[in-house]
Amino acid sequence: MLERARHERHTEITFVIPADQPRGDVSVVGDFNDWQPGTHPFAVRDDDSRAVTVTLPGEQRYGFRYLAYGDYWFDDQDADGHDGHNSILHT
């Protein structure tokens with residue numbers, strides 16, 4: 033799930049996943065962090081879901097995926113789109 037907070041010159045995107053799916057450490061990787069695992073790791077929230085917030089310039093398109101422990105890659109089914117390889121996000 034994606035939560036957005038739009039501002040005049042940027043958008044804060046909060047990526048949210050369930051507490052236990054998948055188990056272990058997860059990070060969001062994409063065009064905005066040069067696909068570097070571990071740059072944006074998820075943290076547990078008060079409601080036990082996990083989330084990470086990334087600030088991005090407005091009016092952009094980004095490919096992204098989630099990477100979990102054990103080299104397990106998965107997509108966000110609620111993303112703005114999918115291109116056959118990645119989830120797509122529009123700021």
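Per the numbering used here, the sequence shown starts with residue 33, numbered consecutively. Note that CB positions come from ideal geometry on N, CA and C, so glycine has one too. What you are looking at is a predicted structure, and each value in this text was computed from that prediction instead of being measured.
- In this chain, the beta strand (DSSP E) harbouring residue 105 covers 104–106.
- Between the alpha carbons of residue 110 and residue 46 lies a gap of roughly 13 Å.
- Annotated three-state conformation of residue 96 is strand, per DSSP.
- When the five nearest sequence neighbours on each side are left out, the beta carbons in the same chain lying within less than 6 Å of the beta carbon of residue 58 are those of 74, 98, 100, in order along the chain.
- With respect to residue 118, residue 95 sits close: the two C-beta atoms are nearer than 8 Å.
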